[in-house]
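Following: one structure in structure tokens, then a few remarks.
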Amino acid sequence: MSQDYEIVIGLEVHVELSTASKIFCGCPTTFGAEPNTQVCPVCLGLPGTLPVLNQQVLTFAIRAALACNCQIAQHTKFDRKNYFYPDLPKAYQISQYDMPLAEHGSISIDTTQGEKSIGITRVHLEEDAGKLVHQSQGGQIGTAASSLADYNRTGVPLIEIVSEPDLRSADEAYAYLTALKEILLYTKVSDCNMEEGSLRCDANISVRPRGQEALGTKAELKNMNSFKNIRDAIEYEAKRQIRVLEEGGKVEQETRLWDADKGTSHSMRSKEEAHDYRYFPEPDLPVVYLSEKMIADQQQQLPEMPQARRHRFQKEYGLSEYDAGVCTMSPAMAEYFEDAAKKAVSAKVSAKTVCNWITVELQGKLKADGKEISNSPIASGQMAELTRLIERGKISGKMGKDVFADMYVTGKDPEVIVQEKGLSQISNSDEILKMVAAIIAANPNPVAEYKSGKTQTIGFLVGQVMKASQGQANPKLVNQILRDCLDKNI
Amino acid sequence: MRELSAKQIHEKIIAKEITATAVCEAALQRIHSTDSQVKAFLAVDEQGALAAAKAVDRKLAKNEPVGPLAGVPIALKDNLCTKGFPTTCASKILAGWKPPYQATVVERVRAADAVPVGKVNMDEFAMGSSCENSAFFPSNNPWNQECVSGGSSGGSAVAVASGMVPLALGSDTGGSIRQPASLCGIVGIKPTYGRVSRYGLIAYASSLDQIGPLAQSVEDAAMLLQVIAGCDQKDSTCTDMAVPNYTEQMQSGIKGLTIGLPQEYFSEGLDPEVKAAVEQAKQVLQDAGARLVEVTLPHTEYSLATYYLIATAEASSNLARYDGVQYGLRAEADNLIAMYKATRAQGFGAEVKRRIMLGTYALSAGYYDAYYKKALQVRTLIQRDFTEAFNKCDIILTPTSPTVAFRRGEKTEDPLAMYLSDIYTISANLTGLPGISIPCGFNSEGLPIGLQLIGKVFDEQMLLRTAQTYQSHTDWHTKRPILA
């Protein structure tokens, strides 16, 4: 490559809001219902029907936009985006064009070079379209013998979040999506489930010789259904464009479809074939005024944002950057950790220990079982209690793992389990001294070896004491007392 | 029966002088005997009508309360959705379609115990001024069957003027209630935009469409308006302002009222006989105590162009849903795009296609600012004209239509000449203001002439009061066409 190129990426993210009913009618939004069972004349776009805005949609969208640090418009309006497709029963989508709900936002992402602010151009509301099932092998409308339409999703509320072209690599795009998803989960406006289509992303990509100010010609990439897909597709597209330029060609403005199976993309339509959506103001819906109170109410509903919380956890609880990241992965996880950490700290137990037990043991077990933290059989208070028992030396770390396994199955308090199983650790020095003396007496050879300088023999002797105590002796104390006895030659 | 008003029919039924069933049977009989001459009805709902009438009689027999329109037969324009009964918009593309839901106005007239007898003809998708754009057949003017009924609510006007029903509902986007009312010699009201719910009215141009009553007298029209007006949760553009009692102040006269006469509405293109009749009507109102003042509406000359940009733009979007996918006509073809094209080519008539293309063009990239956006700006100027005029007067008086009913076929080859039929009515739609047309005479050929009154926003009372005063001093509204 003779030239160094810079990649410029802007993302358009569509997010389904998790309101109970659709944006312009009262139909439920539940995912996975039998086809065409969640429809009414309004969302079917039957002649004569009219949309009525769901107020809950407005509050969710305002909250999401505030979480992206956007300015909320004083008044906003809806527009019609006109195009023909069988999944769009009115042949227009009610969307927002020149007066979006919110503009001028930004979110902060963590990159290898540190924090970076990514501009949010706008956040606007629109209705989702239905789903088509094409009756053919390839699943394409062009070759299908017939196609079936399911309008359950038609009219599900969406927000579209458009970023500025501030992203400079596939990794940054990935980090942006991760941060955005976290924010949306934190604000509880969407479940952001990509498999169910609650979060979808299109990418605008261009390349330019490093140092050049003018943007290169962009291609729009569609049909990426995971964050990994998006990263792969951006990398592929940037390489493709650079190759075109290197070979003396010109990048065409077009829309391309990503094929995850092949790991390539192909052109869907050129600039000439692009739709003219003929946007115009939706005459069936009046202009919406967003009162200061309405905005203030949503501002109040905003939780602490993931990045801020991550930084606070590092400072307040002494977590590493990695651990803080794991503990703020989802709002439920963060709440779980913080609750356990607070209880631990007030019992003079280190939050770091709690964190380890949560991120390693609990998280590992949940993951293996395909469970979420919100369905954890162990409550956060019980986790704190378990670590307290270990740190206080009531039980050993090894016992802790057994107790944890039992808690996970039964949901019982750790103390109850310790009592029931008689697991309580022996931390009485006199008692341990008796056992140590007995083991020294019974093992003259290893004792001699130790005394002759082969100090690693101590491991064997500790093991013997532990065995004699049926694992209940405090291993630290055993080690210490054994050493004292041997060294002082008692 | 033909001579009775809706009010009288209702009173006789309440007084048990006559049964609702007998009234319904008489209306159905009249439809059978006359409709072949005037062709108002697209579908008569004999069973449904008789069932509704019998239900009224049963309530009365049990001395249960009945609604304010109990037993009164009513005809519904075929762009109003009737649950389980065909609603076609007089278009082949919707032939046979039965809505699974009821329009709000249909629910309301049913709740008022009126008896819907069927669906009446119209220009396809309410696009036209003569009913000749119906995909099925034109309706004939009962005063001269070689002449048009006017449109688009031609069937509604003809059904009432021919004495088949005392009441009808129509819709008015650019004059579609007032112009056929004028051409058929009856009363038609376009209420203020937002006064009546549009839920279930199949949209032509959403920011202009409004449903309203047609009747023989102002009083009957007011009764029907009372029933259909008012807030509806299903229509966000429908106001929640309280509905006044329309009949209460109707008799209080117009002494001291100022009537504005816009000079732009009495100039070029106005038929001299129409002009003379309207001049005479001015005199009647002056004699009744009103003061006449000249007002000016300087942007009138742009109203037609403005209307045909906004209405067609909205229509191009509203009618996009007739794509053969979910309901209505589907022309089979090899692929999706071909299916769309064939369905719409076969399903829509020439005028509908013309307006869809006009509107699509007006909204297209590169033309939007010059056409659609400009039209919205001019619409604001026209609204300002009326606001200023209403600083000087309480009500505005104009002819409803520049001519009387014209011969069938006379204007079908010349869309622009047809569009000019609505020159005096479209401003009320662009401004959202309420308008009424009432009969004010006949020309030398015996064809009716209509007088239009335009009121302030949500001031339907003033329209009704003035119109009622006029009718109390004249007898034009009592004249009936002679049909075999």
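Residue numbers (my numbering), protein chains in the order written: chain S, 91 to 580; chain F, 94 to 577. Ideal Cβ placement from N, Cα and C applies to all residues, glycine included.
Going by DSSP in three states, S:Ala123 sits in which element: helix, strand or coil?
Looking up residue 123 of chain S in the first sequence gives position 33. In the structure shown, S:Ala123 sits in coil (DSSP, three-state: anything other than H, G, I, E or B).
Using 8 Å as the cut-off, can you tell me whether the segment 460–480 of chain F makes contact with the segment 359–379 of chain F, which would need three or more C-beta pairs spanning the two stretches below that distance?
no
With DSSP collapsed to three states, give me the class of S:Tyr379.
Along the first sequence, read from residue 1 onward, the residue named residue 379 of chain S stands at position 289. Residue state, collapsed to three classes: strand.
Would you say S:Arg290 reaches chain F, if we count a Cβ-Cβ gap shorter than 8 Å as a contact?
By 1-based counting over the first sequence, the position of residue 290 of chain S is 200. Not closer than 8 Å to any Cβ of chain F, the Cβ of S:Arg290 fails to qualify, so no.
Using the DSSP secondary-structure output, state which residues sit across from S:Ala563 in a beta bridge.
Here residue 563 of chain S is taken as the residue at index 473 of the first sequence, counted from 1. Beta-bridge pairing links S:Ala563 to S:Ile516.
Proximity winner among S:Asp387, S:Glu193, S:Arg298, S:Gly501, relative to S:Val252 (alpha-carbon distances)
For the purposes of this step, residue 252 of chain S is taken as residue 162 along the first sequence, with counting starting at 1. Ranking the options by Cα distance to S:Val252, first place goes to S:Glu193.
What residues match up with S:Asp240 in a beta bridge as DSSP calls it?
Within the first sequence, numbered from 1, the residue matching residue 240 of chain S stands at position 150. Answer by DSSP bridge pairing, in chain order: S:Lys221.
Within 8 Å (strictly less), CB to CB, does F:Asp150 reach chain S?
In the second sequence, the residue the question calls residue 150 of chain F occupies position 57. No, its Cβ sits nowhere closer than 8 Å to a Cβ of chain S.
Return the chain-ordered list of same chain residues with a C-beta closer than 6 Å to the C-beta of F:Ala298, the five sequence neighbours on each side being excluded.
By one-based count along the second sequence, residue 298 of chain F stands at place 205. Excluding positions up to five away in sequence, the list reads Thr266, Ala404, Glu407, Ala408.
Leaving out the 5 sequence neighbours to the left and right, which residues in its chain are closer than 6 Å to S:Pro467 when beta-carbon positions are compared?
In the first sequence, counting from the first residue as 1, residue 467 of chain S sits at position 377. Here the set comprises Tyr498, Gly501.
Among the candidates S:Pro190, S:Ala157, S:Pro137, whose CA atom is the shortest distance from the CA of S:Val378?
For the purposes of this step, residue 378 of chain S is taken as residue 288 along the first sequence, with counting starting at 1. Of the listed residues, the one whose Cα sits closest to S:Val378 is S:Pro190.
Any chance you could list the beta strand (DSSP E) runs of at least 3 consecutive residues sitting entirely within the segment 402–456 of chain F, in chain order?
none
Does the CB of F:Glu96 have a neighbour CB from chain S at under 8 Å?
Position 3 of the second sequence, counted from the first residue, corresponds to residue 96 of chain F. Closer than 8 Å: no.
Quick check on the DSSP output: the beta strand (DSSP E) that includes F:Phe479 runs from which residue to which?
Counting from one through the second sequence, the residue named residue 479 of chain F turns up at place 386. Unbroken run through F:Phe479 is the alpha helix (DSSP H), 467–482; no beta strand (DSSP E).
DSSP beta-bridge partners for F:Phe535?
The count along the second sequence starts at 1 and reaches residue 535 of chain F at position 442. F:Pro541, per the DSSP bridge assignment.
7 Å Cβ cut-off: residues of chain F touching S:Arg170
In the first sequence, the residue the question calls residue 170 of chain S occupies position 80. Going along chain F in sequence order, the residues near S:Arg170 (Cβ under 7 Å) are Ser410.
Would you tell me roughly how many angstroms separate the C-alpha atoms of S:Cys160 and S:Gly301, rounded to the nearest one?
Taking the first sequence and counting its residues from 1, one reaches residue 160 of chain S at position 70. Taking the first sequence and counting its residues from 1, one reaches residue 301 of chain S at position 211. Straight-line Cα distance between these residues: approximately 30 Å.
Check for me: the alpha helix (DSSP H) holding F:Ala145 runs from which residue to which?
Locating residue 145 of chain F in the second sequence gives position 52, counting from the first residue. Taken as a continuous stretch (DSSP letters only), the alpha helix (DSSP H) holding F:Ala145 covers 139–154.
Alpha helix (DSSP H) segment containing F:Gln130, residue limits:
What you label residue 130 of chain F is simply residue 37 of the second sequence in a count that begins at 1. Its alpha helix (DSSP H) spans residues 113–131.
Establish whether the CB of S:Asp240 and some CB of chain C are separated by less than 8 Å.
Note that chain C does not occur in the displayed structure, where the protein chains are S and F.
Please name the residues in the segment 118–138 of chain S whose beta-carbon is closer than 9 Å to at least one beta-carbon of chain F, in chain order.
Cys130, Pro131, Val132, Leu134, Gly135, Leu136, Pro137, Gly138
Residue-chain proximity (S:Leu347, chain F), Cβ-Cβ < 8 Å
Along the first sequence, read from residue 1 onward, the residue named residue 347 of chain S stands at position 257. With 8 Å as the cut-off, S:Leu347 does not count as an interface residue toward chain F.
Is it the case that the CB of S:Arg170 approaches a heavy atom of the ligand NAD more closely than 7 Å?
Of ligands this structure carries none, so the ligand NAD is not represented either.
Under a three-way DSSP split, which group does S:Ile580 fall into?
Walking along the first sequence from the start, residue 580 of chain S turns up at place 490. Note that S:Ile580 has pLDDT 49, beneath the 50 cutoff, so the model's placement of it is unreliable and the number below is only indicative. In this structure, S:Ile580 counts as coil in the three-state DSSP scheme.
For S:Ser185, name the three-state secondary structure that DSSP assigns.
Within the first sequence, numbered from 1, the residue matching residue 185 of chain S stands at position 95. In the structure shown, S:Ser185 sits in a strand (DSSP, three-state: E or B).
Rounded to whole angstroms, what is the Cα-Cα separation between F:Val210 and F:Leu318?
Here residue 210 of chain F refers to the residue found at position 117 of the second sequence. Here residue 318 of chain F refers to the residue found at position 225 of the second sequence. Their backbone Cα atoms lie some 18 Å apart in a straight line.
Within this structure, are the beta carbons of F:Gln439 and S:Pro179 separated by less than 8 Å?
Taking the first residue of the second sequence as position 1, residue 439 of chain F is located at position 346. Taking the first residue of the first sequence as position 1, residue 179 of chain S is located at position 89. Taking 8 Å as the Cβ cut-off, F:Gln439 and S:Pro179 do not qualify as a contacting pair.
N- and C-terminal bounds of the beta strand (DSSP E) containing S:His365
Here residue 365 of chain S refers to the residue found at position 275 when the first sequence is read from its first residue. It is not in any beta strand (DSSP E) - S:His365 carries neither H nor E in the DSSP assignment.
Alpha carbon to alpha carbon, how far is F:Gly189 from S:Met419?
Stepping through the second sequence from its first residue, residue 189 of chain F is reached at position 96. Stepping through the first sequence from its first residue, residue 419 of chain S is reached at position 329. Distance between the alpha carbons of F:Gly189 and S:Met419 is about 56 Å.
Helix or strand or just coil, what does DSSP make of S:Asn283?
Stepping through the first sequence from its first residue, residue 283 of chain S is reached at position 193. Coil, per DSSP.
For S:Gly181, go through chain F and note every residue whose CB falls closer than 7 Å to its CB, in chain order.
Stepping through the first sequence from its first residue, residue 181 of chain S is reached at position 91. Just to set this straight, residue 181 of chain S is Ala in the shown sequence, not Gly. Result: Ala413, Arg414, Asp416.
Give the DSSP-derived three-state secondary structure of S:Gln343 in the structure shown.
Here residue 343 of chain S is taken as the residue at index 253 of the first sequence, counted from 1. S:Gln343 falls in the coil class under three-state DSSP.
Would you verify that the beta carbon of F:Cys419 is, or is not, closer than 8 Å to some beta carbon of chain S?
Numbered from 1 along the second sequence, position 326 holds the residue referred to as residue 419 of chain F. It should be pointed out that residue 419 of chain F corresponds to Gln in this sequence rather than to Cys. Chain S contact via Cβ: present.
Rounded to the nearest angstrom, how far is the Cβ of F:Gly247 from that of F:Met220, given a contact under 8 Å?
The sequence position of residue 247 of chain F within the second sequence is 154, counting from 1. The sequence position of residue 220 of chain F within the second sequence is 127, counting from 1. With a Cβ gap of about 12 Å, F:Gly247 and F:Met220 do not count as contacting.
Close-in-space but distant-in-sequence residues of the same chain around S:Ala219 (CB under 8 Å, 5 per side omitted):
Stepping through the first sequence from its first residue, residue 219 of chain S is reached at position 129. Tyr175, Asp177, Leu178, Gln183, Arg243, Thr244.
Where does S:Gln145 land, buried or exposed, given buried means 16+ other C-beta within 10 angstroms?
As a first step, residue 145 of chain S is located in the first sequence; it is residue number 55 there, counting from the start. Looking at its Cβ environment, which holds fewer than 16 other Cβ atoms inside 10 Å, S:Gln145 is exposed.
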